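Counting in the working numbering, the sequence shown tops out at residue 165, every number present. Yeah, the Cβ is synthetic: ideal placement off N, Cα and C, and Gly gets one too. Computed from a predicted model, the values in this text were never measured in an experiment.
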Amino acid sequence: MISLKGRITGIYIGSQKGGPKTETPSAELIADHGLRGDSHAGVDRNRQVSLFAVEVLRELQQDGFDLSPEILSANLFTENISLDALQPGSRLSIGTSILEIVEQRKPCRSITRIDNRLPKRMLGKCGQLARIIKGSVIHPGDQVAILPLDSERPD
Numbered sequence: 011m012i013s014l015k016g017r018i019t020g021i022y023i024g025s026q027k028g029g030p031k032t033e034t035p036s037a038e039l040i041a042d043h044g045l046r047g048d049s050h051a052g053v054d055r056n057r058q059v060s061l062f063a064v065e066v067l068r069e070l071q072q073d074g075f076d077l078s079p080e081i082l083s084a085n086l087f088t089e090n091i092s093l094d095a096l097q098p099g100s101r102l103s104i105g106t107s108i109l110e111i112v113e114q115r116k117p118c119r120s121i122t123r124i125d126n127r128l129p130k131r132m133l134g135k136c137g138q139l140a141r142i143i144k145g146s147v148i149h150p151g152d153q154v155a156i157l158p159l160d161s162e163r164p165d
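So, in structure tokens, the structure goes:
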């Protein structure tokens with residue numbers, strides 16, 4: 011069963027593609043652009059923000075992988091939302107922001123530098139890529155909700 015409500019547990023911004031990200035106490039989501047200050051912002055209209063489930067991170071840590079949110083290079087870590095079950099076109103609200111899921115994240119080559127077993131282990135559990143439909147400033151602890159498919163589509 012897909013959980014419809016959860017929360018943001020961490021927000022991360024990186025200055026270099028493929029490099030680690032730094033935790034930040036808030037971030038501005040900019041519609042059709044990305045997270046202000048992140049290396050991926052403004053590069054690809056359909057891949058503006060990356061999301062990762064903190065439950066998957068904990069599972070990997072319990073399996074012995076030495077991982078932290080910073081080295082997984084996702085922007086937003088969520089809790090109690092079944093991210094990997096979402097389909098393209100699904101929409102999430104985070105505070106007053108609205109994100110639309112574009113595609114599942116795939117393990118990138120840089121993850122093999124951490125452990126060469128990770129790409130295979132993370133396949134299908136790597137989170138999602140989204141575009142920002144409506145922006146706002148977000149904070150850890152903000153509620154995340156899956157919006158109904160028939161909800162009003164402002165774009």
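Within 10 Å of its beta-carbon, does residue i have 16 or more other beta-carbons around it, so buried, or fewer, so exposed?
i           : result
residue 151 : exposed
residue 27  : exposed
residue 56  : exposed
residue 24  : buried
residue 68  : exposed
residue 53  : exposed
Report the three-state DSSP secondary structure of residue i (helix, strand or coil).
i           : result
residue 138 : strand
residue 121 : helix
residue 130 : helix
residue 155 : strand
residue 72  : helix
residue 94  : helix
Grab the span of the beta strand (DSSP E) containing residue i for me, first residue to last.
i           : result
residue 18  : 15-23
residue 109 : 107-114
residue 82  : Element bounds for residue 82: not the beta strand (DSSP E) but the alpha helix (DSSP H), 79-82.
residue 102 : 101-104
Give me the DSSP bridge partner(s) of residue i.
i           : result
residue 87  : 20, 62
residue 147 : 38
residue 44  : 40
residue 33  : 22
Within its chain, find whatever has a CB closer than 6 angstroms to the CB of residue i; leave out the 5 residues flanking it on each side and keep chain order.
i          : result
residue 64 : 19, 87, 89
residue 2  : It is not possible to answer for residue 2, since the shown part of the chain is limited to 11 through 165.
Might you give, ordered along the chain, the residues of its own chain that have their beta carbon closer than 7 angstroms to the beta carbon of residue i, omitting 5 neighbours on each side?
i           : result
residue 125 : 75
residue 98  : 111, 112, 113
residue 48  : 23, 24, 85
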